[in-house]
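> Numbering (UniProt numbering), first residue to last: 1 to 337.
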């Protein structure tokens with residue numbers, strides 16, 4: 001009995017030492033300010049880290065676009081404050097100008113042909129260079145070198161090479177193929193294809209390096225298991241490698257499309273303002289410079305820049321909505337919510 005009493009008294013003392021229910025709630029309540037404090041600290045850290053990037057983005061992207069939209073409503077020569085307000089007349093002129101329609105069509109052609117020409121070529125080279133072979137590193141460097149060369153150097157080099165009396169026609173004459181010599185730059189039926197060859201030579205290296213990076217992320221065990229099951233090399237590439245390369249290919253295609261819509265350097269350097277329009281290689285960017293700055297009409301040029309921005313933005317949003325939707329579904333910004 002004594003032991004039972006002692007045990008009961010011990011339990012009672014322990015029960016008395018426990019805080020009441022209300023006390024538990026009141027004891028837990030001080031954690032709320034801590035949670036709020038942690039939330040504010042997280043916001044402060046994000047502001048500190050993202051602040052400089054946001055300032056740069058707003059200053060050099062959002063603000064110039066807003067100013068271009070503002071100047072697009074004026075007939076402005078670039079000197080002094082714009083005072084000749086013309087409303088949407090610049091935009092109406094752009095959308096009804098056959099020269100702009102032609103330039104937009106050239107951009108569309110470049111978008112499609114860049115994907116068709118560069119994609120299979122880059123993917124084939126990437127699959128080849130992903131296998132063990134002699135001078136593998138040297139070949140990778142040689143393929144990537146054109147991408148890092150300045151557009152000015154590339155344009156001047158190809159322009160001199162493809163002139164009527166240039167090195168290419170001279171070489172064809174020397175080897176007895178003078179009948180194939182042509183005016184590769186000024187001939188309207190050849191100029192756009194000449195541009196595509198230059199673009200492919202210049203930018204295919206970037207696609208190859210990007211695809212090689214995607215191939216490195218594919219586990220070798222998958223290919224080995226398929227080979228053990230009797231799959232051939234091409235079956236492995238078709239049914240395993242290419243599906244897993246889908247996100248990388250779609251990202252490259254997005255970058256290629258946006259770059260093709262904004263193409264300017266190579267066209268302007270090789271063809272110039274007047275030859276580009278007559279040879280059928282003008283783009284929206286060359287149209288903007290020719291009819292804006294060079295024509296002394298900065299208001300009109302600003303309106304063209306806004307139209308280019310809206311077209312690129314619409315293409316980017318549609319591409320992300322219908323093509324990249326699968327790839328971004330599991331991202332932190334989308335899947336977590």
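For each residue, glycine too, the CB sits at the ideal point set by N, CA and C.
#1: Rounded to whole angstroms, what's the CA-CA distance from residue 49 to residue 55? Just pull it up for me.
#2: Return helix, strand or coil for residue 309, following the three-state DSSP convention.
#3: Within its chain, find whatever has a CB closer than 6 angstroms to the CB of residue 18; leave out the 5 residues flanking it on each side and keep chain order.
#4: Whole angstroms is fine: what's the gap from residue 171's alpha carbon to residue 127's?
#5: Within 8 angstroms, do at least three Cβ pairs link the segment 202-222 to the segment 292-308?
#6: Just mark residue 57 as buried or exposed, buried being the case when its beta carbon has 16 or more other beta carbons within 10 Å.
#7: Residue ranges of each alpha helix (DSSP H) run of no fewer than 4 residues wholly in the segment 62-133, ordered along the chain?
#8: For residue 193, tell me which candidate among 304, 109 and 289 has the shortest Cα-Cα distance.
#9: Suppose you measure from the CA of residue 326 to the CA of residue 240; what does that come to, to the nearest Å?
#10: Go ahead and pull the three-state DSSP assignment for residue 55.
#11: So, helix, strand or coil for residue 322, using DSSP?
#12: Rounded to a whole number of angstroms, what is the C-alpha to C-alpha distance between residue 94 and residue 40?
#13: Could you give the first and the last residue of the continuous alpha helix (DSSP H) run that contains residue 245?
#14: Could you check where the alpha helix (DSSP H) with residue 271 kicks off and where it finishes?
#15: Nearest to residue 102 by CA position, among 306, 318, 261 and 281, is which residue?
#16: Along the chain, which unbroken stretches of the alpha helix (DSSP H) at least 4 residues long are found entirely within the segment 185-233?
#17: Does residue 302 come out as helix, strand or coil in the three-state DSSP assignment?
#18: Does DSSP classify residue 237 as helix, strand or coil?
#19: Tell me whether residue 100 is buried or exposed, calling it buried when 16 or more other Cβ atoms sit within 10 Å of its Cβ.
#20: Roughly how many whole angstroms lie between the Cα atoms of residue 134 and residue 318?
#21: Report yes if the C-beta distance between residue 72 and residue 253 is below 8 angstroms; otherwise report no.
#22: What's the gap between the Cα of residue 181 and the Cα of residue 271?
#23: Would DSSP call residue 60 helix, strand or coil?
#24: Looking at the structure shown, is residue 162 part of a helix, part of a strand, or coil, going by DSSP?
#25: Give me, in chain order, the residues of the same chain whose beta-carbon lies closer than 6 angstroms to that of residue 365; leave out the 5 immediate sequence neighbours on both sides.
#26: In whole angstroms, give me the CA-to-CA distance for residue 187 and residue 105.
#27: Terminal residues of the continuous alpha helix (DSSP H) containing residue 343?
#28: Below 8 angstroms between beta carbons: does that hold for residue 300 and residue 90?
Short version:
#1: Rounded to whole angstroms, residue 49 to residue 55 spans 11 angstroms at the Cα level.
#2: Residue 309: helix per DSSP, three-state reduction.
#3: For residue 18, the predicted structure reports a pLDDT of 49, less than 50, and the residue's modelled location is therefore unreliable. A value from the coordinates is still provided. Hits under 6 angstroms: none found.
#4: Going from the Cα of residue 171 to the Cα of residue 127 covers about 33 angstroms.
#5: With the cut-off at 8 angstroms, the segment 292-308 and the segment 202-222 do not touch.
#6: Taking all protein chains in view, the Cβ of residue 57 is surrounded by fewer than 16 other Cβ atoms within 10 Å, so the residue is classified as exposed.
#7: Whole alpha helix (DSSP H) segments, 4+ residues: 63-71, 89-96 and 98-129.
#8: Proximity to residue 193 across 304, 109 and 289 peaks at 109, based on C-alpha coordinates.
#9: Distance between the alpha carbons of residue 326 and residue 240 is about 18 angstroms.
#10: Judged by DSSP in its simplified three-state form, residue 55 adopts helix.
#11: Under the three-state reduction of DSSP output, residue 322 falls in the helix class.
#12: In a straight line, the C-alpha of residue 94 is about 49 angstroms away from that of residue 40.
#13: Residue 245 -> no alpha helix (DSSP H), and no H or E assigned at all.
#14: It is not in any alpha helix (DSSP H) - residue 271 carries neither H nor E in the DSSP assignment.
#15: Ranking the options by Cα distance to residue 102, first place goes to 281.
#16: You should have 188-216 and 220-228.
#17: In the structure shown, residue 302 adopts helical secondary structure according to DSSP, grouped into three states.
#18: Under the three-state reduction of DSSP output, residue 237 falls in the helix class.
#19: By the Cβ neighbour-count rule, residue 100 is buried, with 16 or more other Cβ atoms within 10 Å of its own.
#20: Between residue 134 and residue 318, the C-alpha separation is close to 43 angstroms.
#21: Their beta carbons are not under 8 angstroms apart, which means residue 72 does not touch residue 253 by this criterion.
#22: Cα to Cα, the separation comes out at about 19 angstroms.
#23: Annotated three-state conformation of residue 60 is helix, per DSSP.
#24: Residue 162 sits in coil when the DSSP states are folded into three classes, being neither helix nor strand.
#25: Outside the displayed range of the chain (1 to 337) lies residue 365, so it cannot be described from this structure.
#26: Going from the Cα of residue 187 to the Cα of residue 105 covers about 18 angstroms.
#27: The chain is shown only over 1 to 337; residue 343 falls outside these bounds and no answer can be derived.
#28: Cβ distance < 8 angstroms, so residue 300 and residue 90 count as in contact.
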